[in-house]
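If you read the sequences in order, they're chains A and B.
In this text, residue positions in the first sequence follow my numbering: the first is 1, and each later residue adds one.
In this text, residue positions in the second sequence follow my numbering: the first is 1, and each later residue adds one.
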Amino acid sequence: MNKRHVVSVVFVILVIVVAISFSSYQANLLEMHDPTKYAEKIAAKQSPLLNLENGSPALGSESAPVTIVEFGDYQCEACYHWFHNTRDTLIDNYIETGKAKLIFVDLPFIGRDSKIAAQASYCAEDQGKYWEYHETLYIFQEGENSGWADRDRLNSFAFSLDMNMDEFNDCMDSSKYQKRVKANYDEAVKNGVQQTPTFIIISQDGTTEKFAGAQPYSVFAATIEPML
Amino acid sequence: MLAVTIFVCMFIPLLILSEFLFIEPFVIFHVVEDRIVSFVLIASISLMSAIVIPMNIYRIRTLQKSRSKIGGSIVGSIIGVSAGICSCGPIGFSIISTFGAVAGTATAFLTNYEIPLRLISLGLLCLVYYTTAKSISIECKVQ
Chain A
1 MNKRHVVSVV
11 FVILVIVVAI
21 SFSSYQANLL
31 EMHDPTKYAE
41 KIAAKQSPLL
51 NLENGSPALG
61 SESAPVTIVE
71 FGDYQCEACY
81 HWFHNTRDTL
91 IDNYIETGKA
101 KLIFVDLPFI
111 GRDSKIAAQA
121 SYCAEDQGKY
131 WEYHETLYIF
141 QEGENSGWAD
151 RDRLNSFAFS
161 LDMNMDEFND
171 CMDSSKYQKR
181 VKANYDEAVK
191 NGVQQTPTFI
201 IISQDGTTEK
211 FAGAQPYSVF
221 AATIEPML
Chain B
1 MLAVTIFVCM
11 FIPLLILSEF
21 LFIEPFVIFH
31 VVEDRIVSFV
41 LIASISLMSA
51 IVIPMNIYRI
61 RTLQKSRSKI
71 GGSIVGSIIG
81 VSAGICSCGP
91 IGFSIISTFG
101 AVAGTATAFL
111 TNYEIPLRLI
121 SLGLLCLVYY
131 TTAKSISIEC
141 KVQ
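See below:
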């Protein structure tokens with residue numbers, strides 16, 4: 001077998017795949033910016049309202065026209081990649097400008113530590129530090145089910161955020177938010193979420209766009225812009 | 001032709017499962033800096049599998065040789081494909097939802113040791129390539 005031939009064929013295939021991907025992305029972007037075509041497309045995507053009452057407090061203005069709902073697990077590696085590669089740009093361009101707000105809904109399925117980490121985030125919310133705690137969990141994420149999010153570690157995260165440890169421990173020991181986390185899990189499953197992270201973008205008129213995976217910023221921009 | 005088919009059938013699904021290629025809401029290919037190693041390993045394993053498996057099929061059919069080496073190439077490919085299957089993807093979610101904590105441990109192992117497992121897979125495929133190429137060249141010498 002001629003190795004050079006094999007390498008050439010592989011290279012050509014890669015180029016074709018990249019070209020198709022790029023042209024498809026461009027085509028979709030143009031479609032998104034054509035109001036008539038986009039309206040027809042999204043008219044087919046009306047879906048029942050998502051119950052977010054058990055989700056996180058909103059990051060951003062409550063009056064923002066677009067809601068970005070992220071379903072995630074604190075042990076999820078893909079969620080970690082999205083947090084580190086895409087989230088900051090999204091916050092800078094849409095959340096801090098008042099165009100969108102972000103709500104995190106737990107889908108803790110990877111392991112036991114996923115559930116208690118989610119509960120800990122709501123115990124942090126009691127002390128007004130939900131988002132700081134949420135960010136700490138993703139900054140210090142380690143291997144799945146490796147014990148990085150066990151009770152001792154969760155306590156250390158709370159301590160590092162200058163939280164009242166008596167209140168935090170009481171909250172965790174009483175499993176105060178166990179039902180809330182379960183309710184979020186059930187809501188996610190009810191809405192057909194089958195992986196993390198999954199995003200549901202909700203416009204002001206209730207239309208939604210759902211997609212999954214640690215997608216790049218351009219996907220969010222292409223989805224949110226027509227909703228504004 | 002078989003090699004191209006094997007490569008495409010491995011490479012594209014692996015890209016989708018590893019979240020380098022997304023289909024919805026539109027097709028987009030995206031590799032971040034901290035995952036370049038993973039992408040390169042996926043491409044390498046797909047390429048090696050596409051080379052090694054057809055070579056072994058040739059050995060078996062044309063030279064009437066034993067099937068032992070094809071087992072090595074298939075094992076190498078399976079390890080390469082399984083490693084890095086994210087627990088958080090749809091496959092991991094289905095497995096964990098169905099089989100619970102035991103499945104969670106297994107998928108966590110595959111995720112946490114993705115790079116070492118893929119390197120082992122690549123090593124195995126390279127070894128099979130070497131032994132297969134040697135075997136074919138010996139058998140094809142004019143006596």
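In this text, a Cβ means the ideal position worked out from N, Cα and C, and glycines have one as well.
Using a Cβ-Cβ cut-off of 6 angstroms (strictly less than) and excluding sequence neighbours within five positions of residue i, which residues of its own chain qualify?
i: A/Asn54; result: Arg180, Ala183, Asn184
i: B/Ser77; result: Ser49
i: A/Ile110; result: Asp73, Gln75, Glu144
i: B/Phe7; result: Ser46, Ala50
i: B/Ile125; result: What sits at residue 125 of chain B in the sequence shown is Leu, not Ile. Within the same chain, B/Leu125 has close Cβ partners Met48, Val52, Gly76.
i: A/Gly98; result: Ser61, Ala64
i: A/Ser47; result: Model confidence at A/Ser47 stands at a pLDDT of 49, short of 50, so the residue's coordinates are unreliable; what they give is reported in the following sentence. Thr208, listed in sequence order.
i: B/Ile96; result: Ala103, Gly104
i: B/Phe29; result: Leu21
Can you list the residues of chain A that residue i reaches, using a CB-CB cut of under 8 angstroms?
i: B/Thr5; result: Going along chain A, no residue has its Cβ under 8 angstroms from B/Thr5, so there is no contact; the nearest lies around 11 angstroms.
i: B/Asn56; result: The contacting residues do not exist; B/Asn56 stays about 12 angstroms from chain A at best.
i: B/Pro13; result: Ordered by position in chain A, no residue passes the 8 angstroms Cβ test against B/Pro13, which lies about 13 angstroms from the chain.
Can you have a look at residue i and say buried or exposed, based on whether 16 or more other CB atoms are within 10 angstroms of its CB?
i: A/Val7; result: exposed
i: A/Thr208; result: buried
i: A/Pro197; result: buried
i: A/Arg4; result: exposed
i: A/Ala43; result: The predicted position of A/Ala43 is uncertain, since its pLDDT is 47 and thus under 50; no value can be drawn from it.
i: A/Tyr133; result: buried
i: A/Asn164; result: exposed
i: A/Gln204; result: exposed
i: A/Tyr94; result: buried
i: A/Asp113; result: buried
i: B/Cys9; result: exposed
i: B/Ser19; result: Checking the sequence shown, residue 19 of chain B turns out to be Glu, not Ser. Buried, since its Cβ has 16 or more Cβ neighbours within 10 Å.
i: B/Ile36; result: exposed
i: A/Lys45; result: Per-residue confidence for A/Lys45 stands at a pLDDT of 48, beneath the threshold of 50, marking its modelled position as unreliable; the derived number appears in the next sentence. The residue in question, A/Lys45, is exposed, as its Cβ has fewer than 16 Cβ neighbours within 10 Å.
i: B/Val128; result: buried
i: A/Lys190; result: exposed
i: B/Ile138; result: exposed
From which residue to which residue does the beta strand (DSSP E) around residue i run?
i: A/Glu187; result: No beta strand (DSSP E) contains A/Glu187, which is instead part of the alpha helix (DSSP H) from 178 to 190.
i: B/Gly92; result: Element bounds for B/Gly92: not the beta strand (DSSP E) but the alpha helix (DSSP H), 90 to 99.
i: A/Thr207; result: Where A/Thr207 is concerned, there is no enclosing beta strand (DSSP E), given that its DSSP letter is neither H nor E.
i: A/Thr198; result: 198 to 202
Skipping 5 residues on each side, what residues in its chain have a beta carbon closer than 7 angstroms to that of residue i?
i: A/Pro57; result: Glu125, Tyr130
i: A/Val281; result: The displayed coordinates of chain A run from 1 to 228. Any statement about residue 281 of chain A would go beyond what the structure contains.
i: A/Ala188; result: Phe71, Val105, Leu107
i: A/Asn230; result: Any property of residue 230 of chain A remains undetermined from this structure, which presents chain A solely from 1 to 228.
i: A/Tyr80; result: Tyr138, Gln141
i: A/Tyr217; result: Thr86, Thr89, Leu90
i: A/Ala78; result: Thr196, Pro197, Gly213, Ala214
i: B/Lys134; result: none
Can you pull the chain A residues whose beta carbon is under 7 angstroms from the beta carbon of residue i, in chain order?
i: B/Pro90; result: Gln194, Gln195
i: B/Phe93; result: Phe109, Gln194, Gln195
i: B/Ser97; result: Phe109
i: B/Thr105; result: Asn145
i: B/Val8; result: Ile13
May I ask which residues mark the beginning and end of the alpha helix (DSSP H) holding residue i?
i: B/Ile36; result: 36 to 62
i: B/Thr5; result: 2 to 17
i: A/Ile224; result: 217 to 224
i: B/Ile23; result: No alpha helix (DSSP H) contains B/Ile23, which DSSP labels as neither H nor E.
i: A/Tyr133; result: 130 to 139
i: A/Met163; result: Careful: A/Met163 lies outside any alpha helix (DSSP H) and carries neither H nor E.
Which residues in chain A have a C-beta closer than 9 angstroms to the C-beta of residue i? List them in chain order.
i: B/Ile78; result: Correct list: empty, because the minimum Cβ distance to chain A is about 21 angstroms.
i: B/Leu47; result: Val6, Val7, Val10
i: B/Val102; result: Here the premise fails: no neighbours, minimum Cβ distance about 11 angstroms.
By the criterion of Cβ-Cβ separation under 7 angstroms, what are the contact partners of residue i in chain B?
i: A/Gly213; result: Glu19, Phe22
i: A/Glu144; result: Ser87, Ala108, Thr111, Asn112
i: A/Asn85; result: Val32
i: A/Glu209; result: Pro25
i: A/Lys150; result: Before going on, a small fix: residue 150 of chain A reads as Asp here, not Lys. Ordered by position in chain B, no residue passes the 7 angstroms Cβ test against A/Asp150, which lies about 14 angstroms from the chain.
i: A/Val105; result: Correct list: empty, because the minimum Cβ distance to chain B is about 14 angstroms.
i: A/Asp73; result: Cys88
Which residues in the same chain have their Cβ closer than 8 angstroms to the Cβ of residue i, if we skip the five residues on either side of it in sequence?
i: B/Ile23; result: Ile16
i: A/Phe11; result: none
i: A/Leu49; result: Gly206
Starting from the beta carbon of residue i, find every residue of chain B whose beta carbon is closer than 9 angstroms, and list them in chain order.
i: A/His81; result: Glu19, Val32, Asp34, Arg35
i: A/Pro216; result: Phe22, Ile28, His30, Val32
i: A/Thr223; result: Pro25
i: A/Asp186; result: Ordered by position in chain B, no residue passes the 9 angstroms Cβ test against A/Asp186, which lies about 13 angstroms from the chain.
Given that residue i touches chain B, what residues does it touch there, using C-beta distances under 8 angstroms?
i: A/Ala78; result: Glu19, Cys86, Cys88, Gly89
i: A/Val219; result: Phe22, Pro25, Phe26, Ile28
i: A/Asp92; result: Simply none; closest approach about 17 angstroms.
**Message:** Suppose only complete runs of 4+ residues qualify. What are the alpha helix (DSSP H) ranges in the stretch 52 to 118 of chain A, listed by chain order?
**Reply:** Correct list: 77 to 85, 87 to 90.
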